[in-house]
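Numbering (UniProt numbering), first residue to last: 1 to 259. What follows is one structure encoded as structure tokens, with my remarks underneath.
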Amino acid sequence: MAREHYVQLFTKATRCSQHTITALFPPLDNHIWEQLIKPPSIDDIHNIVKDMDGLKAPGKDGFHALFFKRCWNLVGQDFFCFIKNCFWNPDSIRLINETLLAFIPKVDSPSSMSQFRPIILCNVCYKVLAKCLANKLKNIMHILVKPNQSSFVPNRHITDNILILQEYVHSMAKKVGNKGIMLLKLDLAKAYDRLDWEFLEETLTLAGIPQSLINIIMKCVTKVDMQVKREGGETESFKPSRGLRQGCPLSPYLFYALC
């Protein structure tokens with residue numbers, strides 16, 4: 001039941017229409033382009049590994065981050081070479097892009113899939129690559145994202161928007177006169193899971209991201225095998241055709257900042 005539920009959720013239903021959003025993004029200068037297409041150094045990779053939680057649940061390959069921390073002198077150079085190769089040959093990303101879906105019940109006796117919280121388990125090697133890409137996007141978020149958006153932008157705080165909202169509500173409560181006013185709240189159900197890949201790629205292009213970096217990002221997003229983890233093993237794998245994975249370091253920057 002769980003596999004069928006997520007196969008349907010991650011399967012694209014309709015073709016995304018074209019959107020004209022060119023004017024939303026300012027141009028990126030040559031220096032920023034050079035930084036975006038520059039492959040990571042071995043120190044960049046090692047620092048990401050050192051910052052990871054060593055005993056977080058492993059992905060399909062079974063290796064914890066602690067293994068790479070403790071054995072860096074033995075595996076570090078090979079690990080770095082593979083990550084660097086992904087920048088020159090993005091097709092190799094599929095070798096590490098296996099994802100397990102595990103579930104935590106939200107209630108004592110769950111009776112439907114909506115009563116489970118899905119947990120995404122990615123391989124450490126993939127998470128390091130995704131973190132490299134996320135760091136590149138993080139450094140330009142202040143350029144691409146409007147000042148009134150605060151999620152995942154350095155030196156901005158989500159509490160700022162909470163205070164602004166409180167001021168709006170206060171003003172509405174004090175307003176007098178015949179002219180009405182309305183406050184609208186949107187809750188996007190399964191928004192991560194339903195994000196259209198064509199729309200994402202188009203948005204990255206219009207944002208001025210170098211095509212070589214877009215190719216790597218889209219391989220991370222699209223060339224993935226998913227399996228549902230269950231008692232006694234995993235289900236047969238399936239390939240999604242839309243959506244982002246919650247738990248992937250790259251996903252927040254692609255969703256909140258660009259879409």
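Even glycine gets a Cβ: it sits at the ideal position worked out from N, Cα and C.
- According to the DSSP secondary-structure assignment, M226 is paired through a beta bridge with T99, F238.
- Membership of L121 in the beta strand (DSSP E) is indicated by the continuous run 116 to 122.
- Contact check for D193 against R230 fails: the beta carbons are separated by 9 angstroms or more.
- Taking the C-beta atoms as reference points, G76 is found nearer than 9 angstroms to I42.
- A distance of 9 angstroms or more separates the beta carbons of F103 and P40.
- When DSSP reads this structure, I104 sits in a beta bridge with R117.
- Out of E34, F10, D29, the CA that lies nearest to the CA of S212 is found in E34.
- Rounded to the nearest whole angstrom, the C-alpha separation of L74 and I216 is 27 angstroms.
- For G76, the uninterrupted alpha helix (DSSP H) run begins and ends at 72 to 88, by DSSP.
- Setting aside the 5 residues that flank it on each side, I83 is surrounded in the same chain by P40, I45, C125, V128, L129, C132, each with a C-beta closer than 8 angstroms to its C-beta; the list follows chain order.
- Relative to the Cα of K190, the nearest Cα in the group Q246, P90, D51 belongs to Q246.
- For a cut-off of 8 angstroms, the C-beta gap from I143 to P26 is around 6 angstroms, short enough to register as a contact.
- Between the stretch 104 to 116 and the stretch 55 to 70, the count of C-beta pairs closer than 8 angstroms stays below three; the two stretches do not touch.
- Just so you know, the alpha carbons of M172 and F152 end up roughly 29 angstroms apart.
- Taking all protein chains in view, the Cβ of G177 is surrounded by fewer than 16 other Cβ atoms within 10 Å, so the residue is classified as exposed.
- Between D91 and K223, the C-beta gap is smaller than 9 angstroms, which places the two residues in contact.
- Sequence-distant Cβ neighbours of K106 in its own chain, meaning closer than 7 angstroms and more than five residues away, are Q115, F116, R117.
- Cβ-Cβ distances below 8 angstroms link I37 to P210, S212, L213 in the same chain, with the five nearest sequence neighbours on each side left out; the list follows chain order.
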